[in-house]
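Residue numbering for the sequence shown is 1 to 348, as defined by our numbering. For each residue, glycine too, the CB sits at the ideal point set by N, CA and C. Following: one structure in structure tokens, then a few remarks.
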Amino acid sequence: MALLHAVHSQTNGSVKATTKIFLNPNDPTEAKTRDTHPPPLPNNSYKLHVATFDHLTRGGKSTSDSAFVKDFVATLNSSHKHDDIELHEFTWGNEEGSFSQEAARKWRRQVMSKLKASLSTSGEGYIFTGHHKDDDTETILMKLIRGVHISKLKGMDAKDEDGGFVKPFLKFPKAVLVAYNKFNGVEWVEDGSNVEKGEGAYLRNRVRNELIPLLGELCSDSGDVGVVGNRLENLVEQVRDINNIMVEKEKGGEGEGEREGEGEGEDGEFLLKGFDSGNYLHRGRLYGWIIGRLGEGGGGNGGVSYRQLGKICELIDRRKGDKERGVDIGKGRVIKMAKDRSCLKIVV
């Protein structure tokens, strides 16, 4: 079995070169008085691996970041505390296609999943990434900007459904992690692109460096950006409560088994078996499918409006198959129902 710690596998490419996870969110020095080493793993059957990814970007600086990780692992291995950490280095190649944040994220996840499978014959083990609370705040705001059904309004998951990818620092603000590293004498390396803003910068960077600071000023006299994250977290918790109520209500209704086929099909179509257009959760899944199929940004600044979603639900309820013209969602794309009325598809 393998314990994989992806030190350099964040979406924004920052290096979080630390494995110490006992932190106080309010006081990064408190952990110093406690055990700062990872807890003992069951039967000593897990081994620590570190992966670093060089995207060959930023004029060679990404290569320097990878070299930093390599040196850090060598330092750990030369100490008495760690002497068997294995480093895995990966470099973006021409076979990966054109570089983009989304393509790089998928590449890292695919590589790490394959690495985990190659190291663990039993399939057990974890892939740790360095995402923190600030990343979570950015994700929620980006969903609001792109358009999201309220039932899908949430941040990052602490772990994937299959448990393979884990984000142990998700409840800790970046400032706490930086302070903790500094207190323990561990250098923090920042991806230079993280501070970019203005026209031409990635959306996430603009949210991080322009929108969140502005919201911090508007939300508190001190300009505390942490207030923004806390208020969004409160909103997400309320959404979660509403979802839980609706799920319980749905379980108590009739015909639950009829919904078994509803969701996305093998060819990307939206399956309609058991779909109820009046159900809050079903409409949320449909909206999520549309946004997902349109790609990043929802096909435009406005994405798909809730009024358009209502028209799509009316299309479903009429059940006239592809005899209808469908619902125009912009840029030459139309949502139509299949001839056998089993699914929806997006036609260009």
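Cβ pair residue i, residue j closer than 9 Å
i      : j      : result
Pro168 : Lys133 : no
Ile335 : Lys320 : no
Thr129 : Gly155 : no
Val327 : Lys339 : no
Ala104 : Phe72  : no
Asn184 : Val195 : no
His55  : Trp92  : yes
Val227 : Leu141 : no
Leu119 : Lys171 : no
Asp241 : Ser277 : no
Thr57  : Phe90  : no
Leu164 : Ile127 : Note that residue 164 is Gly in the sequence shown, not Leu. A contact, by the Cβ cut-off of 9 Å.
Glu269 : Cys219 : no
Buried or exposed by the 16-neighbour rule on C-beta atoms within 10 Å, applied to residue i
i      : result
Ser122 : exposed
Asn205 : buried
Lys182 : exposed
Tyr287 : buried
Asp279 : Looking at the sequence provided, one finds Asn at residue 279 rather than Asp. The residue in question, Asn279, is buried, as its Cβ has 16 or more Cβ neighbours within 10 Å.
Ser62  : buried
Ile245 : exposed
Gly125 : buried
Tyr180 : buried
Arg293 : buried
Asp136 : buried
Gly147 : buried
Lys249 : exposed
Leu272 : buried
Gly229 : buried
Leu369 : No statement about residue 369 is possible, as the shown extent of the chain runs from 1 to 348 and does not include it.
Val247 : exposed
Separation of residue j from residue i, as counted between CA atoms
i      : j      : result
Lys70  : Leu87  : 7 Å
Leu177 : Met112 : 24 Å
Ile329 : Gln308 : 7 Å
Leu214 : Gly284 : 30 Å
His131 : Arg108 : 14 Å
Glu314 : Lys152 : 22 Å
Asp65  : Ala51  : 12 Å
Leu211 : Val239 : 23 Å
Gly332 : Arg325 : 13 Å
Glu187 : Leu76  : 13 Å
Ala117 : Ser78  : 28 Å
Glu190 : Gly60  : 14 Å
Glu264 : Val348 : 19 Å
Asp162 : Asp221 : 42 Å
His282 : Leu203 : 29 Å
Tyr159 : Asn94  : Reading the sequence as shown, one finds Lys at residue 159 and not Tyr. Whole-angstrom Cα-Cα distance: 31 Å.
Lys197 : Gln101 : 16 Å
Arg341 : Val304 : 22 Å
Lys106 : Leu115 : 14 Å
DSSP bridge partner residues for residue i (one or two, in chain order)
i      : result
Lys331 : Answer is none; Lys331 lacks a bridge partner.
Cys313 : Its beta-bridge partners do not exist; DSSP assigns none.
Phe270 : Glu264, Leu344
Ala51  : His88
Lys174 : Its beta-bridge partners do not exist; DSSP assigns none.
Lys336 : Lys345
Phe169 : Bridge partners of Phe169: none, in fact.
Residue-chain proximity (residue i, chain B), Cβ-Cβ < 9 Å
i     : result
Leu76 : Among the protein chains of the structure shown there is no chain B, as only one such chain exists.
**Request:** Could you tell me which uninterrupted alpha helix (DSSP H) segments, each at least 4 residues in length, are contained entirely in the stretch 194-242, listed from first to last along the chain?
**Result:** 203-206, 212-219
**Item:** In chain order, each beta strand (DSSP E) run of at least 3 residues that lies wholly inside the stretch 99-126
**Value:** none
**Segments of 4+ residues assigned as alpha helix (DSSP H) that fall wholly inside the stretch 125-159** = 133-146
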